[in-house]
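Residue numbers (this note's numbering): 2 to 333. Written below as C-alpha coordinates is the structure these notes are about.
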Amino acid sequence: MQLRKIFFFTVCAISSVSLFAQKVSVQTKLDRHEIKTGEQAVLDFTIRTDDLTNTQLLLPADSLGGTRFEVLSTIFTDTLDIDDHIKEIKGRCLITSFDSTLVTIPPMIVQTPTAQAESQPLALNVVQPEVDLSKPDEFFDIKTPWKLPYTLRDILIIVYSNPISWLLMFIMLLFIIWLETKFKFRKKDRNAVAVPQIRLSPKEEAEANLAALDKLKLPEQGQYKLFYSNLVEILKIYIYREKALHVQEMTSSEVVDTLKRNAEPEKLVTSIRSIFFIADMAKFAKYKPLPDEHYRSMQEAYAFLNLADTTWNRHEGGEENKNLTEKVEAEL
(Lines of atoms letter the chains of each structure in order from A and count residues from 1; the text may use other names and numbers.)
(Lines give C-alpha, C1' and ligand atoms only; values in the text may rest on other atoms or scores of the structure.)
Protein backbone atom coordinates (compact mmCIF):
# COMPACT_ATOMS: atom_id res chain seq x y z
CA MET A 1 0.00 0.00 0.00
CA GLN A 2 2.88 2.34 0.90
CA LEU A 3 4.59 1.61 -2.42
CA ARG A 4 1.36 2.35 -4.28
CA LYS A 5 1.07 5.80 -2.63
CA ILE A 6 4.71 6.61 -3.41
CA PHE A 7 4.19 5.63 -7.06
CA PHE A 8 0.96 7.63 -7.28
CA PHE A 9 2.38 10.91 -5.96
CA THR A 10 5.57 10.48 -8.00
CA VAL A 11 3.63 10.13 -11.26
CA CYS A 12 1.33 13.03 -10.40
CA ALA A 13 4.33 15.31 -9.78
CA ILE A 14 5.59 14.87 -13.34
CA SER A 15 4.34 17.68 -15.61
CA SER A 16 3.39 16.90 -19.18
CA VAL A 17 5.89 17.99 -21.83
CA SER A 18 6.13 17.97 -25.61
CA LEU A 19 8.09 15.26 -27.39
CA PHE A 20 8.75 17.35 -30.47
CA ALA A 21 10.18 20.72 -31.34
CA GLN A 22 8.63 24.11 -30.76
CA LYS A 23 6.40 23.86 -33.83
CA VAL A 24 4.03 21.38 -32.16
CA SER A 25 3.63 20.81 -28.44
CA VAL A 26 0.96 19.64 -26.00
CA GLN A 27 0.72 19.89 -22.23
CA THR A 28 -1.90 18.30 -19.96
CA LYS A 29 -2.81 18.77 -16.31
CA LEU A 30 -5.44 17.29 -13.96
CA ASP A 31 -7.34 19.62 -11.65
CA ARG A 32 -7.17 16.94 -8.95
CA HIS A 33 -5.32 13.68 -8.47
CA GLU A 34 -7.91 11.69 -6.51
CA ILE A 35 -11.65 11.22 -6.94
CA LYS A 36 -14.33 8.91 -5.61
CA THR A 37 -15.99 6.45 -7.98
CA GLY A 38 -18.45 8.27 -10.19
CA GLU A 39 -17.01 11.73 -9.50
CA GLN A 40 -15.58 13.86 -12.31
CA ALA A 41 -12.13 15.32 -12.89
CA VAL A 42 -11.07 18.01 -15.38
CA LEU A 43 -8.13 17.36 -17.72
CA ASP A 44 -6.86 20.73 -19.01
CA PHE A 45 -4.72 20.70 -22.15
CA THR A 46 -2.73 23.35 -24.03
CA ILE A 47 -1.65 22.90 -27.67
CA ARG A 48 0.82 25.02 -29.62
CA THR A 49 1.04 24.59 -33.38
CA ASP A 50 2.24 26.42 -36.46
CA ASP A 51 -0.29 24.68 -38.76
CA LEU A 52 -3.70 25.02 -37.10
CA THR A 53 -5.71 23.98 -40.15
CA ASN A 54 -3.99 20.59 -40.43
CA THR A 55 -3.57 19.92 -36.70
CA GLN A 56 -5.22 16.72 -35.45
CA LEU A 57 -5.90 15.96 -31.79
CA LEU A 58 -6.14 12.35 -30.56
CA LEU A 59 -7.78 12.07 -27.15
CA PRO A 60 -6.53 9.59 -24.55
CA ALA A 61 -9.62 7.42 -24.96
CA ASP A 62 -8.77 6.84 -28.65
CA SER A 63 -5.73 4.75 -27.72
CA LEU A 64 -6.81 3.28 -24.36
CA GLY A 65 -8.79 0.28 -25.59
CA GLY A 66 -10.25 -0.37 -22.13
CA THR A 67 -12.90 0.87 -19.72
CA ARG A 68 -10.83 2.12 -16.75
CA PHE A 69 -12.04 5.70 -17.34
CA GLU A 70 -14.42 7.52 -19.65
CA VAL A 71 -14.14 10.88 -21.44
CA LEU A 72 -17.52 12.55 -20.90
CA SER A 73 -16.93 15.68 -22.98
CA THR A 74 -14.23 17.70 -24.73
CA ILE A 75 -14.40 21.46 -25.36
CA PHE A 76 -12.00 24.09 -26.68
CA THR A 77 -12.00 27.18 -24.45
CA ASP A 78 -9.64 29.71 -26.04
CA THR A 79 -7.27 30.45 -28.95
CA LEU A 80 -4.27 32.77 -28.63
CA ASP A 81 -1.75 34.13 -31.15
CA ILE A 82 1.71 33.56 -29.63
CA ASP A 83 3.45 35.14 -32.63
CA ASP A 84 2.98 35.42 -36.39
CA HIS A 85 3.28 31.65 -36.84
CA ILE A 86 2.46 29.91 -33.55
CA LYS A 87 -1.09 29.62 -32.21
CA GLU A 88 -2.04 28.32 -28.77
CA ILE A 89 -5.25 26.38 -28.20
CA LYS A 90 -6.66 25.71 -24.74
CA GLY A 91 -9.29 23.12 -23.93
CA ARG A 92 -10.47 20.67 -21.34
CA CYS A 93 -11.79 17.12 -21.08
CA LEU A 94 -14.24 15.95 -18.43
CA ILE A 95 -13.40 12.40 -17.28
CA THR A 96 -14.78 9.94 -14.73
CA SER A 97 -14.18 6.38 -13.57
CA PHE A 98 -16.15 3.69 -11.77
CA ASP A 99 -13.16 1.44 -11.12
CA SER A 100 -11.51 1.96 -7.72
CA THR A 101 -7.86 1.74 -8.68
CA LEU A 102 -4.93 3.86 -9.84
CA VAL A 103 -5.96 4.85 -13.37
CA THR A 104 -3.27 5.75 -15.90
CA ILE A 105 -4.44 8.30 -18.46
CA PRO A 106 -2.54 7.73 -21.74
CA PRO A 107 -0.72 10.56 -23.54
CA MET A 108 -2.70 13.06 -25.59
CA ILE A 109 -1.29 13.10 -29.14
CA VAL A 110 -1.18 16.10 -31.52
CA GLN A 111 -0.25 15.61 -35.17
CA THR A 112 0.47 17.82 -38.17
CA PRO A 113 1.70 16.70 -41.61
CA THR A 114 5.30 17.46 -40.55
CA ALA A 115 5.43 16.89 -36.79
CA GLN A 116 3.92 15.05 -33.86
CA ALA A 117 3.90 15.63 -30.10
CA GLU A 118 2.44 13.82 -27.14
CA SER A 119 2.02 14.60 -23.47
CA GLN A 120 3.22 12.53 -20.55
CA PRO A 121 0.74 10.00 -19.12
CA LEU A 122 -1.08 11.13 -15.98
CA ALA A 123 -2.26 9.20 -12.92
CA LEU A 124 -5.69 9.49 -11.31
CA ASN A 125 -6.39 7.66 -8.06
CA VAL A 126 -10.01 6.44 -7.82
CA VAL A 127 -11.26 5.39 -4.37
CA GLN A 128 -14.52 4.01 -3.01
CA PRO A 129 -16.73 6.28 -0.83
CA GLU A 130 -16.10 5.80 2.88
CA VAL A 131 -18.78 3.78 4.71
CA ASP A 132 -18.89 3.26 8.47
CA LEU A 133 -19.51 -0.49 8.69
CA SER A 134 -19.55 -0.35 12.48
CA LYS A 135 -23.04 1.19 12.43
CA PRO A 136 -25.21 -1.08 10.27
CA ASP A 137 -28.36 0.15 12.02
CA GLU A 138 -27.90 3.49 10.22
CA PHE A 139 -28.29 1.83 6.81
CA PHE A 140 -31.79 2.24 5.42
CA ASP A 141 -33.26 0.57 2.38
CA ILE A 142 -35.02 2.56 -0.34
CA LYS A 143 -38.76 2.62 0.24
CA THR A 144 -41.36 3.00 -2.46
CA PRO A 145 -44.02 5.75 -2.18
CA TRP A 146 -47.23 4.83 -0.42
CA LYS A 147 -49.92 4.39 -3.05
CA LEU A 148 -53.70 4.45 -2.58
CA PRO A 149 -56.05 3.28 -5.34
CA TYR A 150 -58.30 5.89 -6.93
CA THR A 151 -62.03 5.18 -6.93
CA LEU A 152 -64.41 6.27 -9.68
CA ARG A 153 -65.84 8.88 -7.33
CA ASP A 154 -62.36 10.34 -6.74
CA ILE A 155 -61.71 10.56 -10.50
CA LEU A 156 -65.05 12.30 -11.19
CA ILE A 157 -64.44 14.81 -8.40
CA ILE A 158 -60.99 15.64 -9.81
CA VAL A 159 -62.31 16.01 -13.36
CA TYR A 160 -65.31 18.21 -12.58
CA SER A 161 -63.59 20.39 -9.98
CA ASN A 162 -60.59 21.23 -12.17
CA PRO A 163 -61.00 24.02 -14.78
CA ILE A 164 -58.24 22.44 -16.86
CA SER A 165 -60.45 19.39 -17.41
CA TRP A 166 -63.18 21.59 -18.93
CA LEU A 167 -60.57 23.27 -21.13
CA LEU A 168 -59.29 19.89 -22.32
CA MET A 169 -62.82 18.74 -23.14
CA PHE A 170 -63.38 21.93 -25.14
CA ILE A 171 -60.12 21.39 -27.05
CA MET A 172 -61.13 17.76 -27.71
CA LEU A 173 -64.46 18.96 -29.09
CA LEU A 174 -62.68 21.36 -31.45
CA PHE A 175 -60.35 18.54 -32.53
CA ILE A 176 -63.31 16.29 -33.37
CA ILE A 177 -64.89 19.07 -35.43
CA TRP A 178 -61.57 19.61 -37.24
CA LEU A 179 -61.26 15.89 -38.03
CA GLU A 180 -64.80 15.81 -39.37
CA THR A 181 -64.14 18.82 -41.62
CA LYS A 182 -60.84 17.39 -42.84
CA PHE A 183 -62.48 14.05 -43.64
CA LYS A 184 -65.12 15.75 -45.78
CA PHE A 185 -62.55 17.71 -47.80
CA ARG A 186 -60.36 14.64 -48.24
CA LYS A 187 -63.33 12.69 -49.56
CA LYS A 188 -63.85 15.38 -52.21
CA ASP A 189 -60.19 15.28 -53.27
CA ARG A 190 -59.94 11.51 -53.69
CA ASN A 191 -60.37 11.74 -57.44
CA ALA A 192 -57.65 14.41 -57.81
CA VAL A 193 -54.46 13.32 -59.59
CA ALA A 194 -51.47 13.25 -57.23
CA VAL A 195 -48.43 15.11 -58.53
CA PRO A 196 -45.25 13.12 -57.79
CA GLN A 197 -42.61 15.03 -55.85
CA ILE A 198 -39.05 14.74 -57.09
CA ARG A 199 -36.55 14.59 -54.23
CA LEU A 200 -32.91 15.39 -54.79
CA SER A 201 -30.27 12.78 -54.08
CA PRO A 202 -28.33 13.20 -50.80
CA LYS A 203 -25.31 14.63 -52.62
CA GLU A 204 -27.37 16.99 -54.79
CA GLU A 205 -29.26 18.27 -51.75
CA ALA A 206 -26.01 18.81 -49.80
CA GLU A 207 -24.38 20.66 -52.71
CA ALA A 208 -27.46 22.87 -53.09
CA ASN A 209 -27.37 23.68 -49.37
CA LEU A 210 -23.65 24.49 -49.55
CA ALA A 211 -24.26 26.83 -52.48
CA ALA A 212 -27.05 28.58 -50.56
CA LEU A 213 -24.79 28.90 -47.50
CA ASP A 214 -22.00 30.40 -49.61
CA LYS A 215 -24.38 33.05 -51.00
CA LEU A 216 -25.18 34.28 -47.48
CA LYS A 217 -21.58 35.60 -47.13
CA LEU A 218 -21.61 34.97 -43.37
CA PRO A 219 -17.78 35.05 -42.90
CA GLU A 220 -17.61 38.46 -44.58
CA GLN A 221 -20.06 39.67 -41.90
CA GLY A 222 -17.96 38.22 -39.07
CA GLN A 223 -20.51 35.45 -38.35
CA TYR A 224 -17.97 32.62 -38.32
CA LYS A 225 -19.80 30.55 -35.69
CA LEU A 226 -23.08 30.58 -37.65
CA PHE A 227 -21.27 29.74 -40.90
CA TYR A 228 -19.47 26.70 -39.49
CA SER A 229 -22.57 25.52 -37.56
CA ASN A 230 -24.54 25.43 -40.81
CA LEU A 231 -21.64 23.80 -42.68
CA VAL A 232 -21.37 20.98 -40.12
CA GLU A 233 -25.16 20.48 -40.07
CA ILE A 234 -25.26 20.08 -43.88
CA LEU A 235 -22.59 17.35 -43.75
CA LYS A 236 -24.37 15.55 -40.87
CA ILE A 237 -27.65 15.48 -42.80
CA TYR A 238 -25.82 14.14 -45.85
CA ILE A 239 -24.25 11.31 -43.80
CA TYR A 240 -27.66 10.46 -42.33
CA ARG A 241 -29.40 10.34 -45.71
CA GLU A 242 -26.57 8.41 -47.37
CA LYS A 243 -25.69 5.88 -44.63
CA ALA A 244 -28.70 6.00 -42.27
CA LEU A 245 -26.35 6.90 -39.39
CA HIS A 246 -28.10 9.07 -36.80
CA VAL A 247 -25.36 11.68 -36.36
CA GLN A 248 -27.47 14.86 -36.26
CA GLU A 249 -27.27 15.23 -32.46
CA MET A 250 -23.64 14.01 -32.14
CA THR A 251 -20.58 16.14 -31.45
CA SER A 252 -17.81 16.34 -34.03
CA SER A 253 -15.66 13.74 -32.27
CA GLU A 254 -18.64 11.38 -31.93
CA VAL A 255 -19.34 11.62 -35.69
CA VAL A 256 -15.70 10.77 -36.46
CA ASP A 257 -15.81 7.82 -34.03
CA THR A 258 -19.06 6.58 -35.62
CA LEU A 259 -17.47 6.60 -39.09
CA LYS A 260 -14.47 4.72 -37.69
CA ARG A 261 -16.71 2.06 -36.12
CA ASN A 262 -18.53 1.80 -39.44
CA ALA A 263 -15.17 0.81 -41.02
CA GLU A 264 -15.14 3.78 -43.38
CA PRO A 265 -11.88 4.47 -45.32
CA GLU A 266 -9.27 6.48 -43.40
CA LYS A 267 -9.07 9.05 -46.19
CA LEU A 268 -12.80 9.76 -45.78
CA VAL A 269 -12.53 10.04 -41.98
CA THR A 270 -9.49 12.36 -42.22
CA SER A 271 -11.31 14.59 -44.71
CA ILE A 272 -14.29 15.29 -42.46
CA ARG A 273 -12.14 15.45 -39.30
CA SER A 274 -10.21 18.39 -40.79
CA ILE A 275 -13.45 20.27 -41.50
CA PHE A 276 -14.86 19.58 -38.03
CA PHE A 277 -11.63 20.71 -36.30
CA ILE A 278 -11.75 24.23 -37.76
CA ALA A 279 -15.52 24.36 -37.14
CA ASP A 280 -15.05 23.51 -33.44
CA MET A 281 -12.35 26.17 -33.15
CA ALA A 282 -14.68 28.83 -34.58
CA LYS A 283 -17.73 27.72 -32.56
CA PHE A 284 -16.23 27.08 -29.14
CA ALA A 285 -12.73 28.60 -28.89
CA LYS A 286 -13.32 32.15 -30.21
CA TYR A 287 -11.11 31.39 -33.21
CA LYS A 288 -11.34 33.85 -36.08
CA PRO A 289 -10.42 32.10 -39.35
CA LEU A 290 -8.26 33.83 -41.93
CA PRO A 291 -10.08 35.39 -44.93
CA ASP A 292 -9.38 32.36 -47.14
CA GLU A 293 -9.98 29.64 -44.54
CA HIS A 294 -13.77 29.64 -44.85
CA TYR A 295 -13.37 29.34 -48.62
CA ARG A 296 -10.99 26.41 -48.07
CA SER A 297 -13.47 24.79 -45.66
CA MET A 298 -16.20 25.10 -48.28
CA GLN A 299 -13.96 23.48 -50.91
CA GLU A 300 -13.08 20.69 -48.47
CA ALA A 301 -16.80 20.10 -47.88
CA TYR A 302 -17.37 19.70 -51.63
CA ALA A 303 -14.35 17.39 -51.80
CA PHE A 304 -15.77 15.29 -48.95
CA LEU A 305 -19.10 14.95 -50.80
CA ASN A 306 -17.33 13.79 -53.97
CA LEU A 307 -15.14 11.34 -52.06
CA ALA A 308 -18.07 9.97 -50.07
CA ASP A 309 -20.20 9.63 -53.20
CA THR A 310 -17.41 7.71 -54.93
CA THR A 311 -16.84 5.49 -51.89
CA TRP A 312 -20.44 4.76 -50.97
CA ASN A 313 -22.27 4.67 -54.30
CA ARG A 314 -19.82 3.43 -56.95
CA HIS A 315 -18.19 0.52 -55.17
CA GLU A 316 -19.64 -2.85 -54.22
CA GLY A 317 -21.85 -1.34 -51.53
CA GLY A 318 -23.59 1.01 -53.93
CA GLU A 319 -26.82 -0.98 -54.11
CA GLU A 320 -26.91 -1.38 -50.34
CA ASN A 321 -26.42 2.38 -49.85
CA LYS A 322 -29.17 3.06 -52.37
CA ASN A 323 -31.54 0.95 -50.27
CA LEU A 324 -30.46 2.83 -47.12
CA THR A 325 -31.12 6.16 -48.83
CA GLU A 326 -34.59 5.04 -49.91
CA LYS A 327 -35.30 3.90 -46.35
CA VAL A 328 -34.25 7.28 -44.91
CA GLU A 329 -36.33 9.17 -47.48
CA ALA A 330 -39.33 7.03 -46.53
CA GLU A 331 -38.84 8.02 -42.88
CA LEU A 332 -38.57 11.70 -43.84
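All residues carry an ideal CB built from backbone N, CA and C; glycine is no exception.
From this set, the options, which residue's C-alpha is nearest residue i's C-alpha?
{"i": "Ile87", "options": "Thr50, His247 and Thr75", "result": "Thr50"}
{"i": "Gln57", "options": "Ile276, Tyr296 and Leu306", "result": "Ile276"}
{"i": "Leu219", "options": "Ile177, Trp179, Ala283 and Glu89", "result": "Ala283"}
{"i": "Gln300", "options": "Ala212, Lys289 and Asn263", "result": "Ala212"}
{"i": "Trp313", "options": "Ser230, Thr47, Ile240 and Asn126", "result": "Ile240"}
{"i": "Lys226", "options": "Asp155, Pro290 and Thr311", "result": "Pro290"}
{"i": "Ile36", "options": "Lys148, Arg274 and Asp100", "result": "Asp100"}
{"i": "Asp82", "options": "Tyr288, Thr311, Ala302 and Ser298", "result": "Tyr288"}
{"i": "Ser1", "options": "Tyr161, Arg274 and Met251", "result": "The chain is shown only over 2 to 333; residue 1 falls outside these bounds and no answer can be derived."}
{"i": "Leu153", "options": "Met173, Tyr161 and Arg274", "result": "Tyr161"}
{"i": "Glu205", "options": "Asp310, Pro164, Leu169 and Lys144", "result": "Asp310"}
{"i": "Glu422", "options": "Val72, Glu40, His34 and Thr54", "result": "Look at the range of the chain in this structure, 2 to 333, and you will see that residue 422 is not part of it."}
{"i": "Met115", "options": "Thr259, Asn210, Arg297 and Thr54", "result": "Here the sequence assigns Thr to residue 115, which means Met is not the residue at that position. Minimum Cα distance to Thr115 is reached at Thr54."}
{"i": "Val257", "options": "Arg274, Pro266 and Leu168", "result": "Arg274"}
Is the separation between the beta-carbon of residue i and that of residue j shorter than 8 Å?
{"i": "Gln25", "j": "Thr113", "result": "Per the sequence shown, residue 25 should be read as Val rather than Gln. For Val25 and Thr113, yes; Cβs fall inside 8 Å."}
{"i": "Lys268", "j": "Leu232", "result": "no"}
{"i": "Arg93", "j": "Thr80", "result": "no"}
{"i": "Ala207", "j": "Leu306", "result": "yes"}
{"i": "Ser253", "j": "Ala280", "result": "yes"}
{"i": "Lys237", "j": "Val248", "result": "yes"}
{"i": "Pro108", "j": "Pro122", "result": "yes"}
{"i": "Glu243", "j": "Pro203", "result": "yes"}
{"i": "Ala304", "j": "Ser272", "result": "yes"}
{"i": "Thr29", "j": "Ser120", "result": "yes"}
{"i": "Val127", "j": "Ile48", "result": "no"}
{"i": "Phe228", "j": "His295", "result": "yes"}
{"i": "Asp32", "j": "Asp45", "result": "yes"}
{"i": "Phe70", "j": "Ser98", "result": "yes"}
Write down the C-beta distance between residue i and residue j rounded to the nearest angstrom, noting that I regard them as a contact closer than 8 Å.
{"i": "Ala42", "j": "Ile96", "result": "6 Å"}
{"i": "Leu214", "j": "Ile235", "result": "7 Å"}
{"i": "Thr105", "j": "Ala124", "result": "6 Å"}
Measuring from the CB of residue i, is there a heavy atom of the ligand NAP at a distance below 7 Å?
{"i": "Val27", "result": "Of the ligands one can find in the structure shown there are none, so the ligand NAP has no counterpart to examine."}
For this session: Please list the segments of the beta strand (DSSP E) lying wholly inside the region 37–66, counting only runs of 3 or more residues, in order along the chain.
Result: 41–50 and 57–59
For this session: Entirely within the region 194–277 and at least 3 residues each: give me those beta strand (DSSP E) ranges in chain order.
Result: none
Problem set entry | 4-residue-minimum alpha helix (DSSP H) runs that sit fully inside the region 127–179, ordered along the chain | 153–162
For this session: Identify every run of the beta strand (DSSP E) within the region 272–314, keeping only runs that are complete inside it and at least 3 residues long; order them along the chain.
Result: none
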